[in-house]
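A.B. asks: Handing you this structure, nothing more for now.
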Amino acid sequence: MNWILVPQQLVNGLMYGGTLALIALGIVLIYKSSEVFNFAYGHMLMLGAFLTWWFAGGARTGNEPISLPLGWAIVAAVLVSVLLGFLIERLALRPMAGQPLLAIVLMTLGLSQIFEGSVNLLFGVTPKGNFPSPFSPSDAYTIPVPPVDGESIVFLDRIQIGHTRLATFVVAVVAAAIFMLFFQYTKIGLAMRATSENHELARSLGIKVPRIFALSWAIAGITATLGGVLLATLSGVSVNLAAVALVAFPAILLGGLESFPGAIIGGLLVGLATEIVKAATVVEVRNSADIAPYVLLLIFLLLRPEGIFGRHRIERI
Amino acid sequence: MRKSTIVLLLTLLTVFILTACTTPVENVVQTAEAVVTEQAPAIQEAATQVAEVVPTAAAAATTVAETVTEPTEEPEVLPPGCNEDLTGKTIKLHQQAGKEGPLAAILGQAFDFATKDALAAINSNGGICGATLEVVFTETNYAAELEIAAYEATRNEALIIFTYGSAATIVLANRLNEDKILSFAAGVNGPAMYIPRDGYTIGAVPIYSDQFAGFVEWLSENWADVKPAGAGDQIVVGVIGWANAFGAGATTPEAVAYAESLGVTVLPMEEQALSPDADVSGQIQNMVIQGANVIYNQNLSFSVAQVIGTVRALGVWDSVIVGGVNWSFNQDVLNFLGDNARLANGYYGVVPHATWQDSDLEIVQEAAAAFEAGGYPAAEKTNTYLLTYASFFAVRDILVHAINMVGYDNLSGETLLAAAIDMGVIDARGAYQYDLQDQYRAPRHARIRQWQVQADGTLVDVAVSDYFELPDTRPPAP
Amino acid sequence: MAVLRPAGDFDRSYEQDMGIVRQRWQLFLLLGAILLACSAAFWGEARFVFNLNRLAYLIIALQGLNILTGYTGQISLGQAAFMLVGGYASGLLAIHLSLPIYLSIPLAALITGCVGLLFGLPSLRVKGFYLAMATLAAQFIIPWLTRQPRFSTWLGGTKGFIDIPTTFLTVFPLLLLILIAAGIVAYVGWYTQRPQFQWGGLAVFLITGVIYSAWDISLRRTVNIAGLPPTDLFAAGHLKAFITVLTTGVPMRAWIISLRELPTYYLSVSLITLLLSTILTINITRSRLGRALIAIRDNDLAAELLGVNLFQYKLRAFFIAAFLAGVAGALRAHSERGVGTEFGYSLRESILFLGMLVIGGLGTNLGPYLGGAFVIAVEDFALWLGPELALIFPTRSAELQSSFRPIFFGLVLVLFLIFEPRGLAHRWMLLKASWRLRPFAR
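Which chain is which? The protein sequence lines are A, B and C, in order. Under my numbering, think of the first position of the first sequence as 500, with each following residue one higher. Under my numbering, think of the first position of the second sequence as 34, with each following residue one higher. Under my numbering, think of the first position of the third sequence as 22, with each following residue one higher.
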């Protein structure tokens, strides 16, 4: 372990973990209300980013009908995503009620393929570097750090936090906080929690369960778009953005599948694990950053399969 | 029932024997050892046959020259440079690449635009001795499985196949050699092209290990002039590359050995995830901590932009030299940096071909005009477009030379390769040169270019060296 | 769907009742189909032959996945990674130990099966989504391991692939004839329940087999594969040559063929392997093992109460799935002449497998065939449609050429899940029933 690098990587991991946590929250939300593992979430996120880019006039062909400032573009993209969320729930997932897990997982995988093709068809295949980001990739805050062992190499006297990454982290944390408050204190949020506990009981209390399902997909559309925009400010828009959801799944399992705080902690853990290995002295370990989340996942599956905050399920015949 | 099962079993055996065990009578040999001993003469014979082709080819070339100088002897008007008029005929070439899938999203479609424009230019200027040049495209996603499928579907009629990914070069190399089909590859993988030496894959750019060794050589010769402030005399190169065959292409054992023979240290390669949201700060920091004062990029597109952005953000841009393979020195990197393109100021690239800045070259002017006329998005005005555009003129020259050597009816991958070897150096109208001398299969010369901010604030690639011969880091022949 | 039989079609013995091929016309149909498929190189286009070969090994991988996912109900997102293991194992055995493919493929499958067991271990404690995640981890970790520079001499390191040389066939007529004869005697002995034939035949078969493969391997070590001239299979004179070798009365003659005409050769190998794997999976699913797996799928707690050892049977399912994936991967590696992450074996393929299975029909023996063929057909159609549409709308050509493969796959999958969740196999059963019941309503 290259200890001199650890503080910087800790911060990097935290920043990355924030984004992962926001993505994980969106997936957990849908799972809690309707017991659907949304493998299409990464693609919803990518679609949200592409929509924002398009509404902001990123296509720059000269005759695009709409060219909004970033803020309004995000709002427009969120509206479209919410609509899309409703549609997915109504057309694709409601007919699947009562089907086994595999069928539902495959349904979301099928949806993800449709999204991928549609994005190619609508926006073209080349990645777009001109996402209207308010920050430059080189802008960074620095936190001075006293030199280690009396010596300091160029950048090691400070911790760097890119503006983009910090903004991403802050937005993710704020969004997560709003999420929790929403579920704790609003009537709809409580209704959603009730639905996730027991569909029939919720229905008997006058909660319209199908409406709750639709609502949870709509909210997932919002968080997906938000996550997509955050990632796009970091790296531009491309079809490959969808891959980030695959890293969010280990985060969800680590946290415990049904718990919002779990999703956040899991996201941060996975983010940290991915970045910390980069401080290793052995090059093979450094190059394992891609699979670090899955190694962590396997360890958890063997030691504590229900996750940190998960409940052990009791099954009956 | 019992009978029928036995019938089934016997039929199966027959099918197996029929399909699997068939060979020409000549291959029947008394013992296994005989095969081993019989091989050697056969190979020698083949070698002499090849050797014989070359002088006759040269003879053919001289006769061509004669006919051209004395047009009065020929009552029929022949296309310039040809001794056969092929008007009305079609020469079909094949192209396999991806317009969809994750890699296509990165590599873009400039090759497609350039192909169409180059074909239009060639065909409106007389084609190949009057014949129309045609290119058939097959979609492969850059997936190896589909590259093979596309190849299998076209191999019976293909003369020349253009491929655009390292995976395609790797999976097709052996097949191309056996079927004797010429291939022009943009993904230049050393082992695939040079093992065995007489292969049929021709690279559009120097193999990546040559480029890397060339960059190191140039650095060690000019270190005093280019070294960053505060750097010592010891050159330490850190390489960051994609985690695949392309990324591993630079730091081959031969290239590393060459660098070490110059007294340059090469650190083990740091892998970069092939993803737009990869974070490379860990890799860069590790390289710098290990004393790297040169960072070499074996990647392209957004990955280069990530490295540039991260090196800038870490504040070490001025204490290291950042450069990379020719594909990393391309317009799409600047597209990714967008409004921050100036961050790339000072980035070096090994560039084996002309760029859009060489506007005194006729081919560059012509390509620029074609690009304007095509109305393509400005982002696609990359070196890839120019390179692809020029390559078709080199292919035209090879075809014409082969037609003059052996005639239109005898065109095959074998005769085309013989013609190309006979030509030795094939000049793509000054844009770059294919080099097939000394069993080479790829260009061997490159310039070092650098992105420099001009007075008006634009970023322009400037040649900081002349064309120089790259070191030979081909993998050893088996 | 009860099995409907015409009047007068009775079973008179247990063997007849259990027969897979029950009628004479079925037998002839099957033989005809096998001959037709094996001879595809004579009448089919190159692309068709290639796709047929690809389909054959895909179906083998799907059959494995079907045992695990369709019959046992354990979702696996790692089938492509297990194929990678099989491909590497078979390739390495062929390169370093000079094993012929009839030895390297089964050995590679066993190795892959053991790797599958390793990743099946979490199935003791977790299921459903958790298990899907464990196999997803396999899908990421296995390809990563193969790319490690530390193993570069074996697995190719960062460059991500190794070349597998084309193989060649050796024929030793005397031994081959003894082998075939002994095999038939053993089979007849087993069928007629005469132990002396059965065990004698088997013993001769095994001894000859060992001698044959030892001779084969030693030959492979001395002959330079790259130096063998390429052989155009099915060219004139091949059959004659073979018969000459078999019949000239010089029984010790060896016959070596370099196999460069690969699609043809591997098509026959893949199809024969496919036949064997089909028989294997059919027999698994209608035996005790298959019934136990179905019980686990339908309700694991109930199955456990009925005396099914959950852990043991789940592991068996994992082993079979990985075993067949290993066979498929080995076939693929040899016919692609190389193996490694550069050749694919990605998560996308694992997802494709699951999709194919659902479209074909989960938990049916026909499912892998129908699903695999249907999806490959749809993909080829999409690859054809894009460029055609691009000709009509040249301004959008880039987008049109690029989008239809994922859209079509996704759409087909979604529509099947909504309207025919039991897949094409179920539709086929309905079709057959309505044909038998005509002119009456279903």
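We put the beta carbon where it would ideally sit given N, CA and C, even for glycine.
Is A:Gly516 closer than 9 Å to A:Gly705 when the C-beta atoms are compared?
C.D. replies: Within the first sequence, the letter at position 206 stands for residue 705 of chain A. Within the first sequence, the letter at position 17 stands for residue 516 of chain A. Result no, Cβ atoms of A:Gly705 and A:Gly516 do not sit closer than 9 Å.
A.B. asks: Near B:Ala73, what residues of its chain come up, given a Cβ to Cβ distance below 6 Å and the 5 sequence neighbours on each side ignored?
C.D. replies: The residue given as residue 73 of chain B occupies position 40 in the second sequence. Bear in mind that the predicted position of B:Ala73 carries a pLDDT of just 42, short of 50, making it unreliable; the figure below should be weighed with that in mind. Excluding residues within five positions, none has a Cβ falling inside 6 Å.
A.B. asks: Measuring only between beta-carbons, confirm whether C:Pro442 sits less than 9 Å from chain A.
C.D. replies: Taking the third sequence and counting its residues from 1, the one referred to as residue 442 of chain C is at position 421. So yes, C:Pro442 belongs to the interface.
A.B. asks: Residues of chain C with a CB under 8 Å from the CB of A:Glu783: which are they?
C.D. replies: Taking the first sequence and counting its residues from 1, one reaches residue 783 of chain A at position 284. Those are Gln169, Pro170 and Arg171, listed as they occur along chain C.
A.B. asks: On the CB-based measure, 16 or more other CB atoms within 10 Å of its CB, does C:Tyr390 come out buried or exposed?
C.D. replies: Position 369 of the third sequence, counting from 1, holds the residue named residue 390 of chain C. Result: buried.
A.B. asks: Compare the C-beta of A:Met545 with all C-beta atoms of chain C and state if any pair is closer than 9 Å.
C.D. replies: Numbered from its first residue, the first sequence carries residue 545 of chain A at position 46. Taking Cβ atoms only, chain C never reaches closer than 9 Å to A:Met545, which makes this a no.
A.B. asks: What are the boundary residues of the alpha helix (DSSP H) that A:His662 is part of?
C.D. replies: On the first sequence, position 163 is the one that residue 662 of chain A refers to. Looking at the DSSP string, the run of the alpha helix (DSSP H) that includes A:His662 is His662 to Tyr684.
A.B. asks: In or out: C:Ile380 buried (at least 16 other Cβ within 10 Å) or exposed?
C.D. replies: Taking the third sequence and counting its residues from 1, the one referred to as residue 380 of chain C is at position 359. Looking at its Cβ environment, which holds 16 or more other Cβ atoms inside 10 Å, C:Ile380 is buried.
A.B. asks: DSSP three-state label for C:Leu166, please.
C.D. replies: Taking the third sequence and counting its residues from 1, one reaches residue 166 of chain C at position 145. Reduced to three states, the DSSP call for C:Leu166 is helix.
A.B. asks: Please list the residues of the segment 510 to 527 of chain A that have a C-beta atom closer than 8 Å to any C-beta atom in chain B, keeping them in chain order.
C.D. replies: Those residues of the segment 510 to 527 of chain A that come within reach of chain B (Cβ to Cβ, closer than 8 Å) are Asn511 and Tyr515.
A.B. asks: Would C:Gly40 pass as an interface residue toward chain A - the criterion being a Cβ-Cβ separation below 9 Å?
C.D. replies: The residue labelled residue 40 of chain C in the question sits at position 19 within the third sequence. No, its Cβ sits nowhere closer than 9 Å to a Cβ of chain A.
A.B. asks: When DSSP labels each residue in this structure, what does B:Asp266 get in the three-state scheme?
C.D. replies: The residue given as residue 266 of chain B occupies position 233 in the second sequence. Coil.
A.B. asks: Can you check DSSP and say which residues form a bridge with B:His478?
C.D. replies: As a first step, residue 478 of chain B must be located in the second sequence, where it is residue number 445. DSSP output for B:His478 lists B:Glu502 as bridge partner(s).
A.B. asks: How do the segment 150 to 163 of chain C and the segment 79 to 99 of chain C stand: do at least 3 beta-carbon pairs fall below 8 Å, yes or no?
C.D. replies: Output reads yes: the segment 79 to 99 of chain C touches the segment 150 to 163 of chain C.
A.B. asks: Distance, Cα to Cα, B:Glu405 vs B:Trp350?
C.D. replies: Here residue 405 of chain B refers to the residue found at position 372 of the second sequence. Here residue 350 of chain B refers to the residue found at position 317 of the second sequence. About 36 Å.
A.B. asks: Run through the segment 334 to 385 of chain B for me and flag every whole beta strand (DSSP E) of 3 or more residues, listed as ranges in chain order.
C.D. replies: Runs of the beta strand (DSSP E) inside the segment 334 to 385 of chain B: 354 to 357 and 381 to 384.
A.B. asks: Assign C:His117 to one of two classes, buried (16 or more other C-beta atoms within 10 Å of its C-beta) or exposed (fewer than that).
C.D. replies: By one-based count along the third sequence, residue 117 of chain C stands at place 96. Exposed, since its Cβ has fewer than 16 Cβ neighbours within 10 Å.
A.B. asks: Check distances from the C-beta atoms of the segment 766 to 794 of chain A to those of chain C and list, in chain order, the residues that come in under 9 Å.
C.D. replies: Answer set for the segment 766 to 794 of chain A: Val782, Glu783, Asn786, Ser787, Asp789, Ile790, Pro792, Tyr793 and Val794.
A.B. asks: Enumerate in chain order the residues of its own chain whose CB-to-CB distance from A:Gly628 is below 7 Å, with the five nearest sequence positions on each side excluded.
C.D. replies: Within the first sequence, numbered from 1, the residue matching residue 628 of chain A stands at position 129. Cβ neighbours of A:Gly628 beyond the five flanking positions: Gly735.
A.B. asks: Which residues in chain C sit within 9 Å of B:Met226, going by Cβ to Cβ distance?
C.D. replies: One-based indexing of the second sequence puts residue 226 of chain B at position 193. Under the 9 Å cutoff, chain C gives no residues; its nearest Cβ is about 13 Å from B:Met226.
A.B. asks: Excluding sequence positions up to five away, which residues of its chain have a Cβ less than 6 Å from the Cβ of B:Ala464?
C.D. replies: Here the question's residue 464 of chain B lines up with position 431 in the second sequence. Counting only Cβ-Cβ distances below 6 Å, and skipping sequence neighbours, we find His386, Ala387, Ile396 and Ala423.
A.B. asks: Closer than 8 Å, Cβ to any Cβ of chain C: which residues of the segment 582 to 597 of chain A, in chain order?
C.D. replies: The segment 582 to 597 of chain A vs chain C, Cβ under 8 Å: Ala591, Pro594 and Met595.
A.B. asks: Taking 9 Å as the CB-CB cut-off, is C:Tyr151 touching chain A?
C.D. replies: Residue mapping note: residue 151 of chain C aligns to position 130 of the third sequence, counting from 1. Answer yes: the Cβ-Cβ gap between C:Tyr151 and chain A drops below 9 Å somewhere.
A.B. asks: So which residues on chain B does C:Arg307 lean against when the C-beta distance must stay under 7 Å?
C.D. replies: Along the third sequence, one-based indexing puts residue 307 of chain C at 286. Here the premise fails: no neighbours, minimum Cβ distance about 18 Å.
A.B. asks: If you measure from the beta carbon of A:Gly557 to each beta carbon in chain C, is any gap under 9 Å?
C.D. replies: Translated into positions along the first sequence, residue 557 of chain A becomes position 58. Cβ-Cβ to chain C under 9 Å: no for A:Gly557.
A.B. asks: Where does A:Lys627 fall in DSSP's three states?
C.D. replies: Working through the first sequence from its first residue, we reach residue 627 of chain A at position 128. A:Lys627: strand per DSSP, three-state reduction.
A.B. asks: Does the Cβ-Cβ distance between A:Ala675 and A:Ile529 come in under 9 Å?
C.D. replies: Position 176 of the first sequence, counted from the start, is the residue given in the question as residue 675 of chain A. Position 30 of the first sequence, counted from the start, is the residue given in the question as residue 529 of chain A. Not a contact, by the Cβ cut-off of 9 Å.
A.B. asks: Find the residues of chain A that neighbour B:Leu492, judging by a C-beta separation of less than 9 Å, and give them in chain order.
C.D. replies: Translated into the one-based positions of the second sequence, residue 492 of chain B becomes position 459. Under the 9 Å cutoff, chain A gives no residues; its nearest Cβ is about 14 Å from B:Leu492.
A.B. asks: Using a Cβ-Cβ cutoff of less than 8 Å, which residues in the same chain neighbour A:Phe668 once the five nearest sequence positions on both sides are dropped?
C.D. replies: The sequence position of residue 668 of chain A within the first sequence is 169, counting from 1. Contacts found: Leu513, Met514, Gly517 and Thr518.
A.B. asks: Mind checking B:Glu178: buried by the 16 CB within 10 Å criterion, or exposed?
C.D. replies: Here residue 178 of chain B refers to the residue found at position 145 of the second sequence. Counting Cβ neighbours within 10 Å, B:Glu178 comes out buried, since at least 16 surround it.
A.B. asks: Output needed in chain order: residues of the segment 738 to 753 of chain A with a Cβ under 8 Å from some Cβ in chain C.
C.D. replies: For the segment 738 to 753 of chain A, which is checked against every Cβ of chain C, the residues closer than 8 Å are Leu745, Phe748, Pro749 and Leu752.
A.B. asks: Grab the span of the beta strand (DSSP E) containing B:Gln466 for me, first residue to last.
C.D. replies: For the purposes of this step, residue 466 of chain B is identified with residue 433 of the second sequence, where counting begins at 1. Its beta strand (DSSP E) spans residues Gln466 to Asp468.
A.B. asks: Can you confirm whether the segment 194 to 211 of chain B touches the segment 242 to 262 of chain B when touching is taken to mean that 3 or more C-beta pairs between the two stretches lie within less than 8 Å?
C.D. replies: Cβ pair count under 8 Å is below three, so no.
A.B. asks: Is C:Ala346 close to chain E, meaning its C-beta is less than 9 Å from at least one C-beta of that chain?
C.D. replies: Absent from the structure is chain E; the protein chains it does hold are A, B and C.
A.B. asks: Compare the C-beta of A:Ser617 with all C-beta atoms of chain C and state if any pair is closer than 9 Å.
C.D. replies: Within the first sequence, numbered from 1, the residue matching residue 617 of chain A stands at position 118. Yes, its Cβ sits closer than 9 Å to a Cβ of chain C.
A.B. asks: Buried or exposed: where does A:Val673 fall if 16 or more other Cβ atoms within 10 Å of its Cβ makes it buried?
C.D. replies: Along the first sequence, one-based indexing puts residue 673 of chain A at 174. When all chains shown are included, A:Val673 counts as exposed.
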